[in-house]
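Worksheet: one structure, shown below.
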Amino acid sequence: MKDIFDFLMISGVLLGIIFIVATQFSKNRKDKSIIYLNLVVLFIMLNNLQALSLENIFTNTNFFIHRLQIPWYVLIFPSFYTFLIYYLKIERKKSSFVYVSISLFIFEIAIRIAITPYFFHNENNFFIAEYAQIEEIVNASYSIFLFISAIVILFNYSDLYQQVLTFDNVKWLKNFMFFGSFVILMWICAILLNLDKTLNPQVFIYYPLRLSSTALLYWISYQGFYNYSLMVERIQLRKEIEAEEKIINNASNGKESEENKFQIIKNYIKKNKRFLDPAFSLDRLSSEMGISTSKLSHLINQESGYNFPDYINLLRVEKAKRYLIKSDYSAYTIVAIGLECGFNSKSTFYSAFKKFTNVTPSEFKGQ
Numbered sequence: 000m001k002d003i004f005d006f007l008m009i010s011g012v013l014l015g016i017i018f019i020v021a022t023q024f025s026k027n028r029k030d031k032s033i034i035y036l037n038l039v040v041l042f043i044m045l046n047n048l049q050a051l052s053l054e055n056i057f058t059n060t061n062f063f064i065h066r067l068q069i070p071w072y073v074l075i076f077p078s079f080y081t082f083l084i085y086y087l088k089i090e091r092k093k094s095s096f097v098y099v100s101i102s103l104f105i106f107e108i109a110i111r112i113a114i115t116p117y118f119f120h121n122e123n124n125f126f127i128a129e130y131a132q133i134e135e136i137v138n139a140s141y142s143i144f145l146f147i148s149a150i151v152i153l154f155n156y157s158d159l160y161q162q163v164l165t166f167d168n169v170k171w172l173k174n175f176m177f178f179g180s181f182v183i184l185m186w187i188c189a190i191l192l193n194l195d196k197t198l199n200p201q202v203f204i205y206y207p208l209r210l211s212s213t214a215l216l217y218w219i220s221y222q223g224f225y226n227y228s229l230m231v232e233r234i235q236l237r238k239e240i241e242a243e244e245k246i247i248n249n250a251s252n253g254k255e256s257e258e259n260k261f262q263i264i265k266n267y268i269k270k271n272k273r274f275l276d277p278a279f280s281l282d283r284l285s286s287e288m289g290i291s292t293s294k295l296s297h298l299i300n301q302e303s304g305y306n307f308p309d310y311i312n313l314l315r316v317e318k319a320k321r322y323l324i325k326s327d328y329s330a331y332t333i334v335a336i337g338l339e340c341g342f343n344s345k346s347t348f349y350s351a352f353k354k355f356t357n358v359t360p361s362e363f364k365g366q
C-alpha cells in the first residue's frame with residue numbers, strides 16, 4: 000500500500016515539474032495569475048518531496064526534524080486564493096493576504112530556529128510534538144479561512160467580476176470549491192483522529208488527504224492555466240472582431256426597407272448580436288421582442304427551415320467560419336473562436352459545426 004502511495008506522490012511531483020516548465024514557455028508566463036498558479040504547484044511539490052524524503056530516505060533522522068518540517072503547506076491555500084482574485088481581476092477590491100501568509104511562514108521558521116536547543120534533548124520530544132500539533136491546527140484554521148473566503152467571493156460577489164463572466168462562466172472553479180470542501184473535511188478529520196496521539200501521530204491517516212489534495216490541486220492548476228490562457232485569448236480576439244465589425248458597419252449605408260416579420264427578428268438577433276450570448280433562449284427573445292414563444296418558434300421554423308436552437312447555432316457557425324479562414328485570426332485557437340461566436344463549450348461548437356458543414360472546425364480551417 001505504501002509503495003503505491005509513494006509511486007503516486009512521486010508521479011505527482013514529476014507532473015508538477017512538467018507543469019511549471021510548460022507554463023514558462025507560454026506567452027502568459029509573466030501574468031500574476033499564472034505566477035501564483037505556479038506557486039501553488041511549487042509548494043505542493045516541496046511539501047510532497049519533503050514528506051517522501053523523511054519517510055523513505057531520512058527515516059532515522061532526529062525527532063525534531065521529523066516533527067518540525069518546513070511548513071510549505073501553509074503557503075498552498077494563500078497562493079490559490081491570490082490566484083483566484085487575480086484570475087477574477089478583483090485584486091484591487093479584495094485583500095490578497097500575501098504579506099500575512101509570508102509573515103506566518105517566516106514566523107514559523109523563526110520558531111524552529113529559536114527552539115533548536117531542544118534538537119539533541121529527547122526528553123523534550125513531547126514539547127516539540129505538542130507545538131507541531133498546535134501549529135498544524137493554526138495553519139489548518141488559516142487555510143480554511145482562506146478557502147471559505149474564496150467560496151464567498153466566487154458565489155456571493157459575482158458583481159465584482161462581471162467582466163470575467165463574459166468570457167468564462169467559472170463553473171470549473173465552482174466545481175473545485177465543491178470537491179475542495181471534501182478535502183478540507185478530510186484534513187479536519189485527520190487532525191481530530193490524531194488529537195490524542197501527540198507523540199506518535201498515525202501518518203497513514205494523512206495518506207488519503209495527501210493524495211486527494213495533490214490530485215485536486217494539480218487538476219485546478221491545469222484548469223486554471225488552460226482557462227486563463229483561453230480567457231486572455233478571447234479578450235484580445237473580441238477586441239479585433241469588434242474593431243473589424245465597426246469598420247464594416249460604418250461602411251454600410253444603414254438603409255432599411257420594408258421587411259417581413261422574420262426579417263425583423265433576424266435583423267434584431269444579428270444587429271444586437273444576441274446569438275453570441277451562450278445563454279440566449281427562445282423565452283428571452285420572446286420577452287425582448289414582445290412576441291409569444293409559439294409565434295416566434297413558428298416564424299423561425301417556417302422561414303429558416305430550422306428550429307430556434309439550430310437557427311441560432313447556424314448563425315454562430317457562419318460567424319465562426321469567417322474567422323477560421325481569415326489569416327488575421329490564424330494566431331487564435333479554434334476553441335477561442337468558437338466560444339467568442341456564442342458556443343458555451345468546445346464539444347457543442349464541434350458538434351454544431353459538423354452538423355452544418357459536414358466537417359470539423361479543424362478540417363474546415365485546413366481546407
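The numbers in numbering that gives the first Met the number 0 rise by one with no breaks, and the one at position 16 of the sequence shown is 15. Idealized CB from N, CA, C, for every residue including glycine.
Since residue i is in the alpha helix (DSSP H), which residue starts that stretch and which ends it?
i, result
"Trp186", "170-192"
"Ile204", "Premise fails: Ile204 is in no alpha helix (DSSP H) and is neither H nor E."
"Tyr290", "The sequence as given places Ile at residue 290; Tyr does not occur at that position. Taken as a continuous stretch (DSSP letters only), Ile290 belongs to no alpha helix (DSSP H), as it is neither H nor E."
"Tyr141", "124-155"
Can you say whether residue i is buried or exposed, counting buried as having 16 or more other CB atoms within 10 angstroms of its CB?
i, result
"Glu287", "exposed"
"Tyr225", "exposed"
"Tyr85", "buried"
"Ser220", "buried"
"Ala113", "exposed"
"Leu216", "buried"
"Pro360", "buried"
"Ile33", "buried"
"Phe181", "exposed"
"Gly341", "buried"
"Asn37", "buried"
"Phe203", "exposed"
"Asn357", "exposed"
"Asn46", "buried"
"Val40", "buried"
"Lys354", "exposed"
"Val374", "This structure does not reach residue 374, given that the chain is present from 0 up to 366, and the question cannot be answered."
"Phe24", "exposed"
"Tyr227", "buried"
"Tyr322", "buried"
"Ser100", "buried"
"Phe348", "buried"
"Arg91", "exposed"
"Leu172", "buried"
"Leu192", "exposed"
"Asn259", "exposed"
Check this for me: beta carbons of residue i and residue j, under 7 Å apart or not?
i, j, result
"Met185", "Ile150", "no"
"Ile159", "Ile234", "A quick correction: the sequence has Leu, not Ile, at residue 159. In this structure, Ile234 does not lie closer than 7 Å to Leu159 by Cβ."
"Val97", "Thr115", "no"
"Met44", "Val12", "yes"
"Tyr374", "Glu243", "Any question about residue 374 goes unanswered here, given that the chain covers just 0 to 366."
"Tyr351", "Asn312", "In the sequence on display, residue 351 carries Ala and not Tyr. A contact, by the Cβ cut-off of 7 Å."
"Leu67", "Arg28", "no"
"Phe104", "Leu74", "yes"
"Leu368", "Phe125", "Since the first and last residues shown for the chain are 0 and 366, residue 368 lies out of range."
"Leu298", "Ser285", "no"
"Asp276", "Met230", "no"
"Glu302", "Phe261", "yes"
"Arg237", "Glu339", "yes"
"Leu153", "Phe76", "no"
"Ile143", "Ile183", "yes"
"Ser78", "Tyr35", "yes"
Classify residue i as helix, strand or coil using the three-state DSSP reduction.
i, result
"Thr359", "coil"
"Tyr160", "helix"
"Asn271", "coil"
"Glu258", "Only weak support exists for where Glu258 lies, its pLDDT of 46 falling under 50; the value from the coordinates is given anyway. Coil at Glu258, not helix or strand."
"Pro116", "helix"
"Gln366", "coil"
"Gly11", "helix"
"Phe42", "helix"
"Pro277", "coil"
"Gly253", "Because Gly253 sits at a pLDDT of 45, beneath the cut-off of 50, its placement in the model cannot be relied upon, and the point is left open."
"Leu198", "coil"
"Phe166", "coil"
"Phe104", "helix"
"Phe307", "helix"
"Gly337", "helix"
"Ser32", "helix"
"Asn37", "helix"
"Asn343", "coil"
"Ser25", "coil"
"Ser329", "coil"
Step through the CB atoms of chain C and report whether any lies within less than 7 Å of the CB of residue i.
i, result
"Met288", "The structure shown contains no chain C; it is built from a single protein chain."
As an exercise, report each continuous alpha helix (DSSP H) stretch of at least 4 residues that is fully enclosed by the stretch 59-102, in chain order. 62-66, 75-86
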